[in-house]
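A short write-up of the structure that comes next.
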Amino acid sequence: MGAQIIDGKSIAAEIRSDLKVRIDRLKEKGITPGLTVVLVGDDPASQTYVRSKQRTSGEIGINSNVIELPEDTAQSELIDLIEQLNQDDTVHGILVQLPLPRHFDTDAVIQAVSPSKDVDGFHPINVGNLWAGLADSFAPCTPVGIMELLRRTGVDPAGMNAVVIGRSNIVGKPMAGLLLKANATVTICHSRTKDLEAHVKNADILIVAIGQPRFVKDSWVKPGAVIIDVGMNRVDGKLCGDVDESVKKVASHITPVPGGVGPMTIAQLLVNTVIAAERTNFVD
Ligand code: GUN
């Protein structure tokens, strides 16, 4: 028997249709949720992500604006722009697409975004709130989208061994924080972890976010484990995940690539933008 495929594409569509109701309610009050995405430079992958964010936002009635800046933009120009956006009442969410060109101090840029408009959940205040277990602050979109996939699939992490491979600020670390908040027993593995296979073997829920094509093999996986593949690798022109196809035979549930985690990240960004608009306008 093969694993149940977790259909992120259709779950994301459900989330967007639920959101539309909230957006219509805001519009009745004369408020249009506004998201501004700032893209610096011309990295093709970032351009693709940003276009996809803009298209999906527009489709459900979010006012989405992309500001494109040249590669050689100065740090101070970017910070000035963010400060203007912080003051602009029509902008509820601000997202600075990462990675930034090398001459930027990414931490300083992230810290310039007002925590109440930080729909990425990257500002240290929002990161701190997540780890302190406080509700009502923004958490990064990919891990929140994964928690939603688990919830809507009927997987309750409480008491489970959850293993996260990858320790980035965008996925691995916040993922671990959210799983811990949901009462899982959490292990974070990374490039320096010894005997990775032994950790993976112990996982009831395995989240893989390392950017290495087909890295996790079926022989490593505990039968019946829930597998979430965050990988987006291009091999011979085709997209593939960080988890080998063979794992489908062993897992109970698995996310496909594409069509698993990817669509959830954008859906969650839209959710965070609507939450930001609701909060600043005291709509509950
Ligand atoms: N680059 C890759 N993923 C993300 C994300 O979730 N947010 C931002 N701002 N940049 C990214």
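Numbers given in our numbering equal positions in the sequence shown, counted from 1, plus 628.
Where a beta carbon is used, it is the ideal one built from N, C-alpha and C, also for glycine.
Taking C-beta atoms under 8 Å as the contact rule, VAL836 and ILE793 qualify, at a distance of about 5 Å. The residues GLY749, SER765, ALA767, PRO802, GLY805, LEU806, LYS809, in chain order, have a CB closer than 8 Å to that of LEU758 in the same chain once the five nearest residues on each side in sequence are set aside.
Using a cutoff of 7 Å, the CB of PRO785 does not count as near the ligand GUN, since none of the ligand's heavy atoms is closer than that. Remark: C-beta atoms of VAL694 and GLN712 do not approach each other more closely than 8 Å. Boundaries of the alpha helix (DSSP H) harbouring ASP735: 734-740, taken from the DSSP string. Between VAL849 and VAL791, the gap from beta carbon to beta carbon reaches 8 Å or more. Residues of the same chain with a CB within less than 6 Å of the CB of ILE753, apart from the 5 flanking positions on each side, are PRO743 in chain order. With fewer than 16 other beta carbons inside 10 angstroms of its own, SER819 counts as exposed. Around the beta-carbon of ARG644, 16 or more other beta-carbon atoms lie within 10 Å, marking it buried.
Within the same chain, Cβ atoms closer than 7 Å to the Cβ of ASP846 are found at ASP872, SER874, VAL875, LYS877, VAL878, the five residues on either side in sequence being excluded. C-alpha of PHE843 to C-alpha of GLY890: approximately 18 Å in a straight line. Burial check for LYS822: the Cβ neighbour count within 10 Å stays below 16, so the residue is exposed. Residue side-chain check: VAL724 places its Cβ nearer than 7 Å to a non-hydrogen atom of the ligand GUN. For ILE710, the shortest separation between its Cβ and any heavy atom of the ligand GUN does not lie below 7 Å.
Taking C-beta separations shorter than 8 Å and ignoring five residues to either side along the sequence, the partners of ILE710 in its chain run VAL666, ILE722, VAL724, VAL737, ALA740, VAL741, following chain order.
With a cutoff of 8 Å on beta-carbon distance, SER685 and SER674 are scored as not near each other. DSSP places ARG653 within a helical segment (H, G or I) once states are collapsed to three. For ASN909, same chain residues with a beta-carbon under 6 Å away, outside a window of 5 residues either side, are ILE659 in chain order.
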